[in-house]
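Numbering (my numbering), first residue to last: 1259 to 1898.
Using N, Cα and C, we set each Cβ at its ideal position, and we do this for glycine too.
Since the structure is predicted, the reported quantities are computational estimates derived from the model, not experimental observations.
As structure tokens, the structure follows; a few thoughts come after it.
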RNA sequence: GCUCGCAUAGCUCAGAGGUAGAGCACUUCAUUGGUAAUGAAGAGGUCUCCGGUUCAACUCCGGAUGUGAGCACCA
């Protein structure tokens, strides 16, 4: 006589053991149709799961996040079934759920083509219309291995063998297809209303580049057609915001074959870069950093001493000159230690905060480059804090405060914090790791923000915090970081004289707020779809005449604005004002000023924004005030 | 680096085994027009590069380079 408590708090009694599907049916026919799975006392189960005792139960539909996951996971099975019907030689491997969809990896004699994808999708629809029941079963490991060996599925056999423990394994069968799976799954193949295969690409077996390459087919699945449509629109929107596209359209920068992975900044892109750099420069000055500049080429031996040559030799550019080997600097830290090492340092000098807009070159693998997001030549807003072990927590807390302010100024309010702790391969005593991990944890906790733990993901020299921001498309972009390093100061002989006269090795905190200018600007472009906040806009104002008669007036207004430090230009071309408005709107210039005879007479300008809002005519002074306020707001929203 | 795709005018893209087209941009002329495209004319391409097949290659084949998606990598 189970009593089932539903999410709304109501409860229902049943005569005897009853399946989740039956419970759904007893609540309503609509719910029964929509039911994809159940959650019994917090655990996800199939709708065929039989409830025998009192429990809390929720019927899971495509409206639940969990339901969508079940749907997508089942859709991966559906796809695998379709592939095996079309290509009996293809072997199945794994097919997990990913954000917004799923994929399945197949081993096949040749890569799938886009035409194959269409065929697979058609076959999937066929299987949907067959409405095959999806049935769970349990097999012992030995039986499972024998079964899949019999089918010639060697990858599955591998997977089964690699699952630890020796309890029985669950399998899901739908018609002619069976797959190893924890489940749960949808009750029958008729449940799929909206799915689409999106792409095919290679992926290594077990994610290891030394293994053979499989065919990974990506797909997406949703509760209904409307959601699918919305998702596809979101993809389109993301494509429109692609910083590579906008960068070209707005002439911010370009790349060319002669310098792969290195940016040619155009005047407008460089203007943005400069604004950001000046902003950071001022910020760091105001917050106890001293700016330095270190060489581009440094003898290879320094990189050997720092340990980088060992690990990253292949990713370092080098130059030979006078039979000496130099590395083009791939990072700034060893150079900063050299600056620290000049002269004898006292504990009174600490914390010593050195900052550099450090230009670095790394030979990134060709396939990893991506517009501004991953380049071979980039500039970090790098900084290193040399301090005694005891100040780690304070320094980290101060840094985080600084970083949050910067992100807000750029218009990012949603920040994600992650702590990466000791990896297997590491230097330094456990005691040291304990201390610094604790320091980072305490700094995180005192920020009051939620944070995530990534065990084992720290650098070999110390734990780190990574700061990611969420852009307006909900994508997570890693930018800032602070890392504790107990290794490099020692390797490179950094020391200071402590209060008691003894020589001590300082701890070094590596930190960056933006990460790299290139990447950060890429993120900004996508976040704002090119329409930068006024303080960052490469061109803040353009003033245009209606006829040649107002040319002189426009020039004088332009000069007035430029003298006040605004980025203003005059568009005096012999074109209709509508044409000019259109061009500058497309160019995302925040303010467009029009001057005709009326404005000349009254010493005013007619103001229009790139959003198409007409602010009417106003005296030039009034506009200057308006503009100043817009600039001063930075990227902050009203609330912040 | 790996798998698959792509590479045509400054940009966005069409295009057939018989040495190329559109729109925008550019130049010139006319036009002086009040808030998202004034009209006309002109100029512009060793069709990424190197090989091969062919009477003939921008087109087919191979390679290189760059680039796109995904994987791997990311101090």
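- Query: How many angstroms separate the CA atom of residue 1897 from the CA atom of residue 1501?
  - Reply: Taking the first residue of the first chain as position 1, residue 1897 is located at position 639. Taking the first residue of the first chain as position 1, residue 1501 is located at position 243. Bear in mind that a pLDDT of 47 at residue 1897, under 50, signals an unreliable position, so the number given afterwards is only what the model happens to contain. Distance between residue 1897 and residue 1501, taken at the CA atoms: about 28 angstroms.
- Message: By the DSSP assignment, the beta strand (DSSP E) with residue 1556 in it spans what residues?
- Response: For the purposes of this step, residue 1556 is taken as residue 298 along the first chain, with counting starting at 1. Its beta strand (DSSP E) spans residues 1555-1557.
- Would you kindly check if the distance between the Cβ of residue 1340 and the Cβ of residue 1385 is under 8 angstroms? Counted from its first residue, the first chain places residue 1385 at position 127. Counted from its first residue, the first chain places residue 1340 at position 82. Between residue 1385 and residue 1340, the gap from beta carbon to beta carbon is short of 8 angstroms.
- Item | DSSP three-state assignment for residue 1638, whether helix, strand or coil | Counted from its first residue, the first chain places residue 1638 at position 380. Of the three classes helix, strand and coil, the one that applies to residue 1638 here is strand, per DSSP.
- When we look at the beta-carbon of residue 1305 and count the other beta-carbons within 10 Å, is it buried (16 or more) or exposed? Within the first chain, the letter at position 47 stands for residue 1305. So residue 1305 counts as buried.
- Message: Considering only DSSP beta bridges, list what residue 1460 is partnered with.
- Response: Looking up residue 1460 in the first chain gives position 202. Per DSSP, 1473.
- Query: Can you name, in chain order, every residue of its own chain whose Cβ lies under 7 angstroms from the Cβ of residue 1424, other than the five neighbours on each side?
  - Reply: Within the first chain, numbered from 1, the residue matching residue 1424 stands at position 166. Only 1399 meet the Cβ criterion.
- Name the two residues that bound the continuous beta strand (DSSP E) containing residue 1526. In the first chain, residue 1526 corresponds to position 268, counting from 1. For residue 1526, there is no enclosing beta strand (DSSP E); the enclosing alpha helix (DSSP H) has its first and last residue at 1525-1544.
- Query: Contact between the region 1599-1609 and the region 1640-1659: three or more CB pairs below 8 angstroms?
  - Reply: Yes, they touch.
- The beta strand (DSSP E) enclosing residue 1877, as first and last residue numbers: Position 619 of the first chain, counting from 1, holds the residue named residue 1877. 1872-1877 is the extent of the beta strand (DSSP E) around residue 1877.
- Query: With a CB to CB cut of under 6 angstroms and the five nearest residues on each side skipped, what residues in its chain are close to residue 1804?
  - Reply: Position 546 of the first chain holds residue 1804. Correct list, in chain order: 1835, 1854.
- Message: My output table needs one value for residue 1266: the three-state DSSP class, helix, strand or coil.
- Response: Residue mapping note: residue 1266 aligns to position 8 of the first chain, counting from 1. Coil, per DSSP.
- Item | Whole runs of the alpha helix (DSSP H) within the region 1564-1635, excluding any shorter than 4 residues | Restricted to the region 1564-1635, the alpha helix (DSSP H) segments that are unbroken, complete and at least 4 residues in length are 1566-1570, 1591-1598, listed in chain order.
- residue 1558 to residue 1720 span [Cα, whole Å]: Position 300 of the first chain, counting from 1, holds the residue named residue 1558. Position 462 of the first chain, counting from 1, holds the residue named residue 1720. Going from the Cα of residue 1558 to the Cα of residue 1720 covers about 24 angstroms.
- Does the separation of the CB atoms of residue 1824 and residue 1885 fall below 8 angstroms? In the first chain, counting from the first residue as 1, residue 1824 sits at position 566. In the first chain, counting from the first residue as 1, residue 1885 sits at position 627. The answer is yes: Cβ separation under 8 angstroms.
- Does the Cβ of residue 1479 have 16 or more other Cβ atoms within 10 Å, making it buried, or fewer, making it exposed? Along the first chain, read from residue 1 onward, the residue named residue 1479 stands at position 221. Its Cβ being crowded by 16 or more others within 10 Å, residue 1479 is buried.
- Between which two residues does the alpha helix (DSSP H) harbouring residue 1777 extend? Here residue 1777 is taken as the residue at index 519 of the first chain, counted from 1. Taken as a continuous stretch (DSSP letters only), the alpha helix (DSSP H) holding residue 1777 covers 1775-1786.
- Ends of the beta strand (DSSP E) at residue 1737? Within the first chain, the letter at position 479 stands for residue 1737. 1734-1743 is the extent of the beta strand (DSSP E) around residue 1737.
- What does DSSP give as the partner residues of residue 1479 in its beta bridges? Here the question's residue 1479 lines up with position 221 in the first chain. Looking at the DSSP assignment, residue 1479 forms a beta bridge with 1453.
- Query: Which word fits residue 1634, buried or exposed, when buried means at least 16 other C-beta atoms lie within 10 angstroms of its C-beta?
  - Reply: Position 376 of the first chain holds residue 1634. Residue burial is scored here from C-beta neighbours: residue 1634 has at least 16 other C-beta atoms within 10 angstroms and is therefore classed as buried.
- Query: Going by other Cβ atoms of all chains shown within 10 Å of its Cβ, with 16 needed for buried, is residue 1321 buried or exposed?
  - Reply: Residue 1321 sits at position 63 when you count from the first residue of the first chain. Exposed is the call here.
- For residue 1684, which three-state DSSP category applies? By 1-based counting over the first chain, the position of residue 1684 is 426. The answer is coil: DSSP assigns residue 1684 none of H, G, I, E or B.
- Determine the closest residue to residue 1637 out of 1512, 1619, 1648, 1484, with distance taken between C-alpha atoms. Stepping through the first chain from its first residue, residue 1637 is reached at position 379. Closest by alpha carbon: 1619.
- Three CB pairs or more closer than 8 angstroms across the region 1476-1494 and the region 1425-1443: In short, these stretches do not touch, since the Cβ pair count stays below three.
- Inspect the CB distances between the region 1509-1520 and the region 1392-1408 and report whether three or more fall short of 8 angstroms. Contact check between the region 1509-1520 and the region 1392-1408: fewer than three CB pairs, one atom from each, fall below 8 angstroms, which does not count as touching.
- Do residue 1653 and residue 1767 have their C-beta atoms within less than 8 angstroms of each other? The sequence position of residue 1653 within the first chain is 395, counting from 1. The sequence position of residue 1767 within the first chain is 509, counting from 1. In terms of Cβ geometry, residue 1653 and residue 1767 form a close pair [threshold 8 angstroms].
- Message: Check for me: the alpha helix (DSSP H) holding residue 1339 runs from which residue to which?
- Response: By one-based count along the first chain, residue 1339 stands at place 81. It spans 1323-1344 - the alpha helix (DSSP H) in which residue 1339 sits, taken as one unbroken run.
- Rounded distance between the beta-carbons of residue 1656 and residue 1734, thought under 8 angstroms: On the first chain, residue 1734 is found 476 positions in, with the first residue counted as 1. On the first chain, residue 1656 is found 398 positions in, with the first residue counted as 1. Contact between residue 1734 and residue 1656 fails: their C-beta atoms lie close to 25 angstroms from each other, not under 8 angstroms.
- Task: Spell out the partners DSSP gives residue 1755 in its beta bridges.
- Result: Counted from its first residue, the first chain places residue 1755 at position 497. Partner(s): 1604, 1761.
- Determine which residues share a DSSP beta bridge with residue 1511 and list them. For this step, residue 1511 is matched to residue 253 along the first chain. Under DSSP, residue 1511 shares a beta bridge with 1523.
- Message: What does the alpha-carbon distance come out to for the pair residue 1709 and residue 1781?
- Response: Translated into positions along the first chain, residue 1709 becomes position 451. Translated into positions along the first chain, residue 1781 becomes position 523. Taking the straight line joining both Cα atoms gives about 22 angstroms.
- Message: Looking at the secondary structure, which residues open and close the beta strand (DSSP E) in which residue 1298 lies?
- Response: Position 40 of the first chain holds residue 1298. Segment 1295-1298, the beta strand (DSSP E) holding residue 1298.
- With distances taken from CA atoms, which of 1697, 1573, 1448 is nearest residue 1329? In the first chain, residue 1329 corresponds to position 71, counting from 1. It is 1448 whose Cα lies nearest to the Cα of residue 1329.
- Message: Am I right that residue 1519 and residue 1505 are in contact with their C-beta atoms under 8 angstroms? What's the rounded C-beta distance?
- Response: Reading the first chain from its first residue, position 261 is the one you call residue 1519. Reading the first chain from its first residue, position 247 is the one you call residue 1505. Residue 1505 and residue 1519 do not touch by the CB rule: their CB atoms are close to 14 angstroms apart, not below 8 angstroms.
- Message: Relative to the C-alpha of residue 1589, which candidate in 1312, 1573, 1577 has its C-alpha closest?
- Response: Against the first chain, residue 1589 aligns to sequence position 331. With respect to the C-alpha of residue 1589, the residue from 1312, 1573, 1577 having the closest C-alpha is 1573.
- Task: Figure out for me which residue from 1748, 1753, 1736 has the closest Cα to the Cα of residue 1777.
- Result: To locate residue 1777, count along the first chain from 1; it is residue 519. Of 1748, 1753, 1736, the smallest CA-CA separation from residue 1777 is found for 1736.
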